Amino acid sequence: MDIKLDPSRDDLPLMANTSHILVKHYVLDLDVDFESQIIEGTIVLFFESGNKFKKQSSSTEETYPSESNEACKFRMPEPCHIPVTNTRTVSSKVGYNDFVICGKGEKDTSGKDGNHDNQEQASGISSSKYCCDTGNHGSEDFLLVLDCCDLSVLKVEEVDVAAVPGIEKFTRSPKLRNQIVRELVALPADRWREQLDYYARCSQAPGCGELLFDIDTWSLQIRKTGVQTATDFPHAIRIQYTTKPQGRSVTWTSDQSGRPCVYTMGSPINNRALFPCQEPPVAMSTWQATVRTAASFVVLMSGENSAKPTQLREGCSSWHYYVTMPMPASTFTIAVGSWTEVKPEICSSNDLATERSFSPFEADFRYVGGCGHMEYPCRFQNASATTQEIIPHRVFAPVCLKGACQETLLPLIPPCLSAAHSVLGTHPFSRLDVLIVPANFPSLGMARPNKEKTGHVSDSGSSVIKHGLNPDKVFMQVHYLKGYFLLRFLARRLGDDTYFSFLRKFVHTFHGQLILSQDFLQMLLESIPEERRLELSVENIFQDWLESSGIPQPLQRERLAGAECGLVRQVSAEVAKWVRVNRRPRKRKRKETEEVLEKLLPDQLVLLLEHLLEQRTMNPRTLQRLERTYHLSEQDAEVRHRWCELVVKHKYTEAYRNVERFLQEDQAMGIYLYGELMVSEDARQQHLARRCFELSKEQMDRSSAEVVAEMLY
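In the working numbering, the protein residues as written are 19 to 731.
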């Protein structure tokens, strides 16, 4: 099943057979080692049989035909050939906060447990009848396929959940392992704490037989001899594994203070190089994770609880997070570093949580009755949560940015949370952590465009994502920019009151569910009277905004109308002044008056610089005055990017230091600047580009580094 994909074909496979079996919960138990740059430990997966499972004829066309039977042979793990690089995981204690404290079992280095051995693997499992099976093909074994990449899998075993003390109290069949898991995942939402407790206990239960597995470029395939259906396949399995330093789901780097850190990058392969999982969004699951690392580090995750460290032994701490809302595996995030928590100098009692009564208008949208999503402890059903404008939040940053965050960022968060609540209603999560990410965070990479639909989906649920592996596509933002302007266009066409009222209703209707863009547009148009739709339809919106190239006609008209805006007129007047300044001779006449320049907002500065970029020539003294007037080197990244473009275009050598700083500190946006430095064909600029790249390439996001390297060499 090792699929050879050419990045130029823009294909990224999703291999998991989600139509047959679904992960309902993950329990991760991990150690983060900065010295070896690996994350290692175990993950326990709890399954539910898929309802699409059916017999397939031998003529059924599979999305991924194997290139040879040899590629699909199964093996038992061979620990003697895969060294365990961090022995701290052996018999360490795991804290589960409110739930349970359990001991972590010893690693099995024997490679067998009496159920199978390597001799059996070599002699009896290479038969073609065991290859590439993702369903039930008569007498063949059922094959579990997980999305996996850049991982070293050491061992896969079934978990003996029946051995957990007290498990019999909520199950009718305490001796049947799969039935125990079925009843565990089906516990009602109001028993979520008990459910997490037993997930944790089950994850620490002993193994009851190793499972055969094989791993290729994009998947981990697991089977149990003699088990021919997803229903009978073990519903709780434990995978012992390690990440690889070059794995594409995590980035090992340094923060702005020069201290080591690691974080999940989110694109293009999501989390499959962090843990084996089911990548398709349809595989909605919950999770809990315990992460151990050196006590000097802070562990942040996309969990619902505000975790605090638990000291295990001198120099080592443990952090535990959990999520009770089922979500795609791609939403799992982790960041570990020497972050410091930024707190307000004077803490008000109203800083963390504020409640207020609903206005009559808002009360219309308060959710009554059942929700449309699968069952979980939903905040929309919680009366106090629905009135909470400002949820508890924490801010973490590198030490060197603590003061700036305290002064600038902290005061912004409460009003932003309040504004989000006023527009969209109930916050879906109970808390928020904000992290100032390292300079190489691929902020543009998380907006990967994908115009084409996902490729053919097989009966097993596997599919292919178009443009998934082409690094150039990461930096093409056209569809996302057009999407942003489409939402603005709709708001202006319908009016803010109508539009925001719809957004609130939409969030309440579809929270906790997967939604397509056409569902959003269809509901929007159905929610307004026909006479106010103004000839809008889902079909013509797709035609104008998605299927047509260039700037949509509605946006062009809006652009012309925007020229009459007061702020835009002010920028136009300032552009004219700068053009006059640039045309003046070096020595002015004695009576000539100095231009009086107005202060501009950051967005106005971006527009001003874009207009000045259209000027054919600008002399150094004009550029020097421009920088000093607006303190351009101290502005935000959007402004500084335009300023650097001006510097490069006009070869203003005095400000090359600003270009170097931008390429070091704003690496995601700096990709475009590298291109402009090389296109100029100026030897000094090209040397600057190559020098900056050599200094930062080891820290850069991999896709970014590939694109820049192609530009430079």
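Quick reminder that beta carbons are idealized off the backbone N, C-alpha and C, glycines included. No experiment lies behind these values; they were computed from the predicted model shown.
Taking 8 Å as the cut-off, decide whether the C-beta atoms of residue i and residue j are in contact.
| i | j | result |
| --- | --- | --- |
| residue 726 | residue 690 | no |
| residue 503 | residue 573 | yes |
| residue 630 | residue 664 | yes |
| residue 618 | residue 648 | yes |
| residue 390 | residue 213 | no |
| residue 346 | residue 304 | no |
| residue 539 | residue 559 | yes |
| residue 174 | residue 231 | yes |
| residue 512 | residue 546 | yes |
| residue 695 | residue 706 | yes |
| residue 60 | residue 240 | no |
| residue 445 | residue 431 | no |
| residue 625 | residue 589 | yes |
Among all the DSSP beta bridges, which residues are the ones paired with residue i?
| i | result |
| --- | --- |
| residue 304 | 43 |
| residue 65 | 41 |
| residue 51 | 56 |
| residue 338 | 308 |
| residue 735 | No statement about residue 735 is possible, as the shown extent of the chain runs from 19 to 731 and does not include it. |
| residue 645 | Per DSSP, none; premise fails for residue 645. |
| residue 258 | 60 and 173 |
| residue 353 | 281 and 318 |
| residue 358 | 415 |
| residue 30 | 483 |
| residue 721 | Answer is none; residue 721 lacks a bridge partner. |
| residue 295 | 165 |
Can you tell which of the options has the C-alpha that lies nearest to the C-alpha of residue i?
| i | options | result |
| --- | --- | --- |
| residue 716 | 177, 168 and 457 | 457 |
| residue 2 | 478, 176, 544 and 277 | This structure does not reach residue 2, given that the chain is present from 19 up to 731, and the question cannot be answered. |
| residue 297 | 552, 562, 282 and 287 | 287 |
| residue 235 | 687, 168, 568 and 666 | 168 |
| residue 339 | 628, 360, 46 and 553 | 46 |
| residue 159 | 174, 244, 226 and 223 | 244 |
| residue 277 | 355, 336, 704 and 188 | 355 |
| residue 315 | 353, 211 and 599 | 353 |
| residue 281 | 512, 600, 454 and 522 | 454 |
| residue 587 | 638, 445 and 616 | 616 |
| residue 683 | 63, 705, 703 and 659 | 659 |
| residue 442 | 526, 396 and 475 | 526 |
| residue 433 | 408, 450 and 449 | 408 |
| residue 583 | 632, 622 and 645 | 622 |
Under three-state DSSP, which class holds residue i?
| i | result |
| --- | --- |
| residue 270 | strand |
| residue 204 | coil |
| residue 407 | strand |
| residue 346 | coil |
| residue 737 | Any question about residue 737 goes unanswered here, given that the chain covers just 19 to 731. |
| residue 363 | coil |
| residue 451 | strand |
| residue 232 | strand |
| residue 328 | strand |
| residue 626 | helix |
| residue 559 | helix |
| residue 374 | Unreliable placement is indicated for residue 374, whose pLDDT of 40 sits below 50; the coordinate value is still reported in the next sentence. Coil. |
| residue 227 | strand |
| residue 651 | helix |
| residue 525 | helix |
| residue 583 | coil |
| residue 275 | coil |
| residue 237 | strand |
| residue 740 | In the structure displayed, the chain extends from 19 to 731; residue 740 sits before or after that span and is not available. |
| residue 731 | coil |
Looking only at its chain, what residues have a beta carbon closer than 8 Å to the beta carbon of residue i, apart from the 5 residues adjacent to it on each side?
| i | result |
| --- | --- |
| residue 263 | 54, 55, 56 and 270 |
| residue 185 | 179, 192, 198, 216, 219 and 220 |
| residue 555 | 543 |
| residue 348 | 284, 288, 289, 297 and 299 |
Short of 6 Å in beta carbon distance, which residues of its chain neighbour residue i, apart from the five on each side in sequence? Order them along the chain.
| i | result |
| --- | --- |
| residue 718 | 458 and 685 |
| residue 291 | 167, 168, 265, 266 and 267 |
| residue 542 | 520 |
| residue 651 | 676 |
| residue 360 | 413, 415, 420, 423 and 424 |
| residue 253 | 65, 196 and 199 |
| residue 223 | 177, 178, 179, 181 and 182 |
| residue 117 | Low per-residue confidence applies at residue 117: pLDDT is 36, beneath 50, and the placement is therefore not dependable enough to give any value. |
Grab me the residues of residue i's own chain with a C-beta within less than 7 Å of its C-beta, minus the 5 sequence neighbours each way, in chain order.
| i | result |
| --- | --- |
| residue 34 | 163, 164, 165, 296, 297, 298, 301, 479 and 480 |
| residue 562 | 570, 571 and 572 |
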